[in-house]
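Just below is one structure, and these are the notes that go with it.
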Amino acid sequence: MELDPNFTLAHFDLALSYSALGRHEEAINEMQKARERGSDYLAGLGYVYAMAGRRAEALKTLDDLKRLAEKQYVPPYHFGWVYTGLGDKDKAITFLQKTYDEHTQHVIDFKTVPMFDSLRSDQRFQELVQKVGLPD
6 MELDPNFTLA HFDLALSYSA LGRHEEAINE MQKARERGSD YLAGLGYVYA MAGRRAEALK
66 TLDDLKRLAE KQYVPPYHFG WVYTGLGDKD KAITFLQKTY DEHTQHVIDF KTVPMFDSLR
126 SDQRFQELVQ KVGLPD
């Protein structure tokens with residue numbers, strides 16, 4: 006980021022790293038920087054809010070995503086991500102199933118992305134990962 010402080014993906018990835026480390030305010034700060042540069046990062050902001058225990062802000066991002074979806078395509082994966090952060094496994098898996106049904110590129114994340122660690126023990130999630138067919 007020293008070379009290019011406007012590199013949005015770097016802010017996004019740093020935010021997720023901070024979140025995984027429990028450094029929630031830093032995660033939110035970095036994700037807000039990413040969000041300022043692109044609407045694709047709204048779900049990421051909702052996720053880090055949820056992980057920080059800022060439920061009201063996370064729910065507001067879900068409302069914002071729903072409004073955005075009325076105007077343009079929003080991948081169901083984005084909703085699944087926020088619901089995962091909120092700990093709502095049923096809704097998260099419902100949206101991840103929609104991601105699979107739509108054959109979006111996001112299905113490759115199911116097996117490896119740490120944000121889904123809380124879902125890995127759920128039989129429905131395991132079945133979904135198997136359906137994707139990624140190698141071990």
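Position 45 (the sequence shown) corresponds to 50 in my numbering; numbering is contiguous. Cβ coordinates follow ideal geometry from the N, Cα and C atoms, glycine included. All values derive from a computational prediction rather than experimental measurement.
Which one of the options has the shortest CA to CA distance from residue i?
{"i": "Ser44", "options": "Pro140, Pro80, Thr104, Arg125", "result": "Pro80"}
{"i": "Leu21", "options": "Glu62, Gly92, Tyr46, Asp127", "result": "Tyr46"}
{"i": "His29", "options": "Gly49, Pro10, Arg42", "result": "Gly49"}
{"i": "Ala63", "options": "Ala74, Ile33, Lys76", "result": "Ile33"}
{"i": "Ala15", "options": "Gly51, Leu26, Lys38, Ala25", "result": "Lys38"}
{"i": "Gly138", "options": "Leu19, Pro119, Leu26, Phe115", "result": "Phe115"}
{"i": "Ile113", "options": "Lys71, Pro140, Gly27, Thr66", "result": "Pro140"}
{"i": "Glu41", "options": "Thr13, Ala25, Leu19", "result": "Thr13"}
{"i": "Gly90", "options": "Lys71, Pro119, Gln77", "result": "Pro119"}
Roughly how far, in whole angstroms, is the beta-carbon of residue i from the beta-carbon of residue j, given that I think they are within contact range, below 8 Å?
{"i": "Tyr82", "j": "His108", "result": "About 12 Å; that fails the 8 Å criterion."}
{"i": "Tyr5", "j": "Leu124", "result": "Any property of residue 5 remains undetermined from this structure, which presents the chain solely from 6 to 141."}
{"i": "Gly85", "j": "Leu101", "result": "4 Å"}
{"i": "Lys94", "j": "Asp127", "result": "6 Å"}
Would the beta-carbon of residue i fall within 8 Å of that of residue j?
{"i": "Tyr23", "j": "Glu35", "result": "yes"}
{"i": "Ile98", "j": "Arg129", "result": "yes"}
{"i": "Ala55", "j": "Val87", "result": "yes"}
What do you get for residue i, buried or exposed, if any count of 16 or more other CB atoms within 10 angstroms of its CB means buried?
{"i": "Phe17", "result": "buried"}
{"i": "Thr66", "result": "buried"}
{"i": "Leu26", "result": "exposed"}
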